[in-house]
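Shown next, in structure tokens, is the structure this report addresses.
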Amino acid sequence: MTTPLLELRNLHVNAEDSVILRGVDLVVHEGEVHALMGPNGAGKSTLASVIMGHPGYTVTQGQILLNGEDIALWSPDERARAGIFLAFQYPEAIGGVSVVQFLRQAIAARRGLDELSVLEVRLDLMEWMDRLGMDPAFAERHLNDGFSGGERKRNEVLQMALLTPVVALLDETDSGLDIDALRIVARGVRTVRDEHPTMGVVVVTHYVKLLEEIQPDQVHVLIDGRIERSGDASLAQLIEDHGYESLRPSGVA
Ligand SMILES: Nc1ncnc2c1ncn2[C@@H]1O[C@H](COP(=O)(O)OP(=O)(O)OP(=O)(O)O)[C@@H](O)[C@H]1O
Ligand SMILES: [Mg+2]
């Protein structure tokens, strides 16, 4: 059995004084796509943030292993360099930085270089923009500034493609995204996986439609900070049909 890319063992997490995650186990092997579902406030975004090392959260128990190594003490930067990629649920506009400038810095950091030639980045960038069906002019736009929902998604996928993550965490907000934007994500994930077949993906979503297109290997349902159920893609359909109520542990308010 190979070492998983990412493993969460009995992970307990607090934000300030509140307990958010209460013992989460998750194992992502090479090339696997895992979907994380669950009601609002269940802790899905917290899980993604804590894997990335967001300083607002404290791991009170349990472990996060990347390729078998405990990364508890690593900074978010070190985690990014080691190949954990997080596409934010609500990406912020970053004033004055263009898509290509941002990628140049991010790729250099990921490869452990001080700098990367503009030419080298551009070649990769143009190739990927072409693969993803993006207009080359997009590279000069300021990051997230006035991006439509679909453009934000394309930008996320582009970052994922160029940063060659070990594990990509995609926290998908569903509000305001039309079906085309969801397809951009789904197709983008498929295109990037074709090129990097070992990449592991954890995608957070409420949308069965997205999962139909991404076809996850496993679906997990997080409720009140615990994974209450894991299964194959049919679990997503069960939730679509019956909601989360039936999966809540009985007797818990
Ligand atoms: N920094 C924080 N301080 C205090 N509470 C927090 C913090 N971050 C998250 N929480 C709380 O933790 C719970 C889980 O939040 P989280 O954003 O992880 O949920 P979610 O599953 O991503 O929900 P959604 O589906 O709405 O995106 C919520 O009750 C939230 O208010
Ligand atoms: Mg969330």
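The working numbering puts the first residue of the sequence shown at 1218, with every later residue one more than the last. The beta carbon of each residue, even a glycine, is placed where N, CA and C say it ideally should be.
Have a look at the DSSP bridge pairing and note the partners of residue i.
{"i": "F1302", "result": "A1385"}
{"i": "M1254", "result": "V1438"}
{"i": "V1421", "result": "L1253, D1388"}
{"i": "G1448", "result": "V1436"}
{"i": "R1226", "result": "Q1280"}
{"i": "L1428", "result": "In DSSP, L1428 forms no bridge with anything."}
{"i": "L1243", "result": "L1225"}
Assuming residue i and residue j make a contact with CB atoms under 8 Å, what is their CB distance in whole Å?
{"i": "H1246", "j": "T1277", "result": "Rounded, the Cβ-Cβ distance is 27 Å, inconsistent with contact."}
{"i": "G1417", "j": "L1223", "result": "6 Å"}
{"i": "L1303", "j": "M1269", "result": "4 Å"}
{"i": "Q1280", "j": "R1239", "result": "About 15 Å; that fails the 8 Å criterion."}
{"i": "V1436", "j": "A1299", "result": "Not quite, the Cβ-Cβ distance comes to about 26 Å (not below 8 Å), so this is no contact."}
{"i": "L1340", "j": "V1374", "result": "Incorrect: roughly 18 Å between the Cβ atoms, too far for contact."}
{"i": "A1450", "j": "Q1432", "result": "6 Å"}
{"i": "G1273", "j": "A1232", "result": "6 Å"}
{"i": "L1366", "j": "A1398", "result": "A small correction: the amino acid at residue 1366 is Gly; Leu does not occupy that position in the sequence shown. About 5 Å; that satisfies the 8 Å criterion."}
{"i": "A1356", "j": "V1316", "result": "5 Å"}
Could you give the DSSP three-state label for residue i: helix, strand or coil?
{"i": "V1314", "result": "coil"}
{"i": "Q1278", "result": "strand"}
{"i": "H1459", "result": "helix"}
{"i": "L1320", "result": "helix"}
{"i": "A1232", "result": "strand"}
{"i": "I1237", "result": "strand"}
{"i": "R1443", "result": "strand"}
{"i": "L1333", "result": "coil"}
{"i": "L1290", "result": "coil"}
{"i": "A1470", "result": "Because the pLDDT at A1470 is just 45, under 50, the model does not fix this residue reliably, and the point stays unresolved."}
{"i": "R1465", "result": "coil"}
{"i": "M1416", "result": "coil"}
{"i": "M1269", "result": "helix"}
{"i": "T1219", "result": "coil"}
{"i": "A1259", "result": "coil"}
{"i": "R1328", "result": "coil"}
Taking all protein chains shown into account, do 16 or more other C-beta atoms lie within 10 angstroms of the C-beta of residue i, making it buried, or fewer, making it exposed?
{"i": "D1388", "result": "buried"}
{"i": "T1415", "result": "exposed"}
{"i": "H1220", "result": "The sequence shown places Thr at residue 1220, rather than the His named in the question. So T1220 ends up on the exposed side."}
{"i": "M1254", "result": "buried"}
{"i": "H1251", "result": "buried"}
{"i": "L1336", "result": "exposed"}
{"i": "T1275", "result": "exposed"}
{"i": "E1412", "result": "exposed"}
{"i": "G1448", "result": "exposed"}
{"i": "H1459", "result": "exposed"}
{"i": "E1286", "result": "exposed"}
{"i": "N1257", "result": "exposed"}
Practice problem: Please go through the segment 1343–1414 and give each complete alpha helix (DSSP H) segment of 4 or more residues, from N-terminal end onward. | Solution: Here the runs fully enclosed are 1366–1380, 1396–1412.
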